[in-house]
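Residue numbers (this note's numbering), protein chains in the order written: chain A, 125 to 455; chain B, 125 to 455.
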């Protein structure tokens with residue numbers, strides 16, 4: 125290490141620089157919060173000053189804060205040879221090349237459970253909305269059809285429904301807790317059976333679907349889970365089956381889902397996420413048994429406050445060599 | 125009693141006639157079910173044959189089945205001098221002149237708890253919808269604004285919200301049970317404090333509103349509760365406050381509510397019921413912090429099946445002199 129680099133490193137240890145990595149649509153949710161770090165956000169600087177900053181500091185930067193779904197690829201990592209940690213701000217980190225991080229011994233953290241309750245609330249509301257057609261009822265009243273047409277179609281009750289939870293992590297567990305209070309029965313699939321949990325476990329999602337009225341998809345997206353909800357799963361779920369997706373769009377084979385709707389071979393869906401956001405398959409726009417949502421299941425001030433705590437907590441833990449709050453297992 | 129009347133009475137005891145009283149928009153939900161009774165539904169007959177039927181039987185009819193909100197007034201009762209019971213098919217019986225029934229010693233039953241869980245589910249979904257703008261998000265996506273405008277406004281989290289339940293009967297209790305699972309805190313007002321319940325009790329709705337983020341209105345409509353949610357209550361609830369109404373429209377002073385929205389002095393509302401259904405104040409159609417619903421919180425096949433059980437059960441109990449399943453206290 126050159127003398128200059130050593131000097132930089134010392135400076136950065138006193139008040140470390142955290143490089144912010146984001147796409148323009150995502151703001152740093154806690155800009156202005158007083159921390160022990162200097163956040164450098166290239167999108168708040170001119171390309172020239174960013175270039176100048178990075179040419180001086182890139183080789184010493186140890187922490188990258190990844191805001192929202194900004195991709196962290198091996199090319200990103202190549203630019204930051206001293207990087208030791210990627211602090212993520214979302215629950216799912218499918219935009220981060222985790223294998224590459226593991227290969228380089230770079231730690232990764234996610235949002236932990238900061239969003240879990242808000243996402244679980246949202247999943248439950250999407251489910252009741254699909255079963256009872258609340259958004260559809262609101263459209264019906266606003267289009268002044270109530271006074272004109274009278275009757276609105278029957279919904280379907282929640283109690284007694286068999287709910288299959290795909291991914292019983294922090295979000296899935298909160299969903300289960302809520303739906304028990306509505307008189308639903310719960311089963312789940314997950315990478316492995318959870319010994320602390322009494323809900324029935326199914327080793328694969330097809331078996332779970334065959335035994336469920338509703339699938340609630342809240343696992344993380346990876347190569348293994350990509351298009352996990354495929355044709356076979358939809359067939360097993362059956363004509364009255366409902367799919368709720370609050371995970372990632374690509375967990376569901378969206379083209380196949382549209383085909384199932386076109387053929388009337390699925391009961392309904394509540395979708396907060398899509399394969400190619402913000403684009404939504406246009407075939408879904410006219411369906412009344414679908415609730416469409418612009419990827420906002422986490423979007424509350426309370427979630428952002430909880431996120432701030434996790435992100436700052438992870439950074440503080442990292443820079444003071446304490447255990448991270450929400451490390452991602454890179455296995 | 126004349127000999128003819130006695131003969132009729134005997135006939136009716138073997139297979140009693142139950143007179144159906146409904147408005148055209150409401151069907152007898154269990155037409156065709158095999159029972160020990162003969163249902164006579166005037167709307168299925170010509171005026172002449174109804175007239176002929178009633179002229180022969182009206183003086184002997186002991187049971188009236190009131191489907192939906194068909195009014196039972198003292199004039200209705202005058203036509204049926206032998207009437208002993210009004211079997212209602214709704215949870216609220218504001219369309220039945222209960223005082224007049226009491227004066228004439230006519231028993232009254234309602235839907236009991238047949239609808240309670242579906243209504244409670246619906247109330248919870250309306251609440252999450254208002255806080256997280258699910259119907260609004262669906263409108264946003266369907267109008268193709270997501271790809272055009274990008275960001276959707278922040279919602280507000282459910283956990284930690286102070287929920288004031290107005291009327292802790294069968295529906296209110298189910299609402300409370302559900303919202304506890306979402307991390308809300310519960311308080312209530314009711315005609316009297318319930319000794320079996322640990323939620324804090326407020327003797328009047330204004331105090332409850334002052335202490336709540338959300339009011340969920342699920343009490344019955346009577347002279348005493350008419351416009352119970354008035355200007356003072358809305359003021360006490362405050363600018364961020366939310367009102368959910370799954371009871372009856374006239375529990376809320378609707379004109380006042382519209383004024384509060386026009387002045388931005390209330391946070392949001394989820395309304396399944398209105399003062400002058402199917403008419404909804406047009407000022408509400410353009411608001412994004414309001415969810416409008418065409419009085420369908422009870423409308424599921426499962427609720428109707430449960431209702432059938434309660435109605436038939438009440439009739440069978442009445443005709444065999446057993447205790448009624450869901451008597452209404454006429455006090």
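C-beta atoms are modelled at their ideal positions from N, C-alpha and C, and glycine is treated no differently. Small disclaimer: the values here were computed from a predicted structure and weren't measured.
Residue 319(A) versus residue 251(A): straight-line alpha-carbon distance, rounded: 27 angstroms
Could you spell out where the alpha helix (DSSP H) holding residue 240(B) opens and where it closes? Residues 240-256.
Within 10 angstroms of the Cβ of residue 285(A), are there 16 or more other Cβ atoms? Answer buried if so, exposed if not. buried
Is the beta carbon of residue 291(A) sitting closer than 8 angstroms to the one on residue 343(A)? yes
Taking residue 485(A) as part of the beta strand (DSSP E), name the residues at either end of that continuous run. There is simply no residue 485(A) to check, as chain A begins at 125 and stops at 455 in what is shown.
Give me the chain A residues within the contact set of residue 403(B), using Cβ-Cβ distance strictly less than 7 angstroms, ordered along the chain. Within chain A, the residues near residue 403(B) are 271.
Thinking C-alpha only, which one of 418(B), 455(B) and 179(B) is nearest residue 399(B)? 418(B)
Taking a contact to mean a Cβ-Cβ separation below 8 angstroms, would you say residue 281(A) touches residue 427(B) in this structure? Cβ atoms of residue 281(A) and residue 427(B): closer than 8 angstroms.
Given this structure, state the Cα-to-Cα distance separating residue 339(B) from residue 139(A), to the nearest angstrom. 48 angstroms
State the DSSP-derived secondary structure class of residue 435(A), mapped to helix, strand or coil. helix
How would you call residue 384(B), buried or exposed, if buried means at least 16 neighbouring beta carbons within 10 angstroms? buried
Inter-residue spacing [alpha-carbon to alpha-carbon] between residue 354(A) and residue 368(A): 14 angstroms
For residue 190(A), which three-state DSSP category applies? In the three-state reduction of the DSSP assignment, residue 190(A) falls in the strand class, which pools E and B.
Give a yes or no on whether the minimum CB-CB distance between residue 236(A) and chain B is below 8 angstroms. No - not a single Cβ of chain B is within 8 angstroms of the one on residue 236(A).
Using a Cβ-Cβ cut-off of 8 angstroms, state whether residue 315(B) counts as contacting chain A. no
Buried or exposed: which applies to residue 158(A), given that a residue is buried once 16 or more other Cβ atoms fall within 10 Å of its Cβ? By the Cβ neighbour-count rule, residue 158(A) is exposed, with fewer than 16 other Cβ atoms within 10 Å of its own.
Which residues in chain A have a C-beta closer than 8 angstroms to the C-beta of residue 250(B)? List them in chain order. 258
Use the C-beta contact count for residue 256(B): other C-beta atoms within 10 angstroms, 16 or more gives buried, fewer gives exposed. buried
I'd like the list of long-range same chain contacts for residue 274(B), defined as Cβ closer than 7 angstroms, with 5 residues on each side in sequence excluded. The beta carbon of residue 274(B) sits closer than 7 angstroms to no other beta carbon from its chain once the five residues preceding and following it are set aside.
Please classify residue 234(A): does DSSP put it in a helix, a strand, or coil? coil
Please list, in chain order, the chain B residues whose beta carbon lies closer than 7 angstroms to that of residue 393(A). Chain B residues near residue 393(A): none, gap ~12 angstroms exceeds 7 angstroms.
DSSP state of residue 328(A) mapped onto helix, strand, coil: In the structure shown, residue 328(A) sits in coil (DSSP, three-state: anything other than H, G, I, E or B).
Could you pull out every unbroken beta strand (DSSP E) segment of at least 3 residues lying fully inside the stretch 343-378 of chain A, listed in chain order? The DSSP assignment places complete beta strand (DSSP E) segments of no fewer than 3 residues inside the stretch 343-378 of chain A at 366-369, in order along the chain.
Would you please verify whether the beta carbon of residue 407(B) is less than 8 angstroms from any beta carbon of chain A? no
Under 8 angstroms between C-beta atoms, does residue 278(B) make it to chain A? yes
For the beta strand (DSSP E) holding residue 227(A), just list the boundary residues, first then last. Segment 222-227 is the alpha helix (DSSP H) holding residue 227(A); no beta strand (DSSP E) there.
Any beta-carbon of chain B closer than 8 angstroms to the one on residue 228(A)? no
Please determine, among 341(A), 307(A) and 171(A), the residue with the shortest C-alpha to C-alpha distance to residue 314(A). 341(A)
Chain B partners of residue 301(A), CB-CB under 8 angstroms? 305
Between residue 270(B) and residue 405(A), what straight-line distance do the alpha-carbon atoms span, to the nearest angstrom? 13 angstroms
Selection from 312(A), 268(A) and 245(A) that minimises the alpha carbon distance to residue 298(A): 245(A)
Interface residues of the stretch 185-214 of chain A facing chain B [CB-CB below 9 angstroms]: none
Starting from residue 340(A), follow the beta strand (DSSP E) in both directions and report where the run begins and ends. 338-341
Could you say which of 438(A), 176(A), 357(A) and 265(A) lies nearest to residue 447(A) if we only look at CA atoms? Comparing alpha carbon positions, the residue from 438(A), 176(A), 357(A) and 265(A) closest to residue 447(A) is 438(A).
Using a C-beta cutoff of 8 angstroms, does residue 166(A) count as contacting chain B? no
According to DSSP, is residue 289(A) part of a helix, a strand, or is it coil? strand
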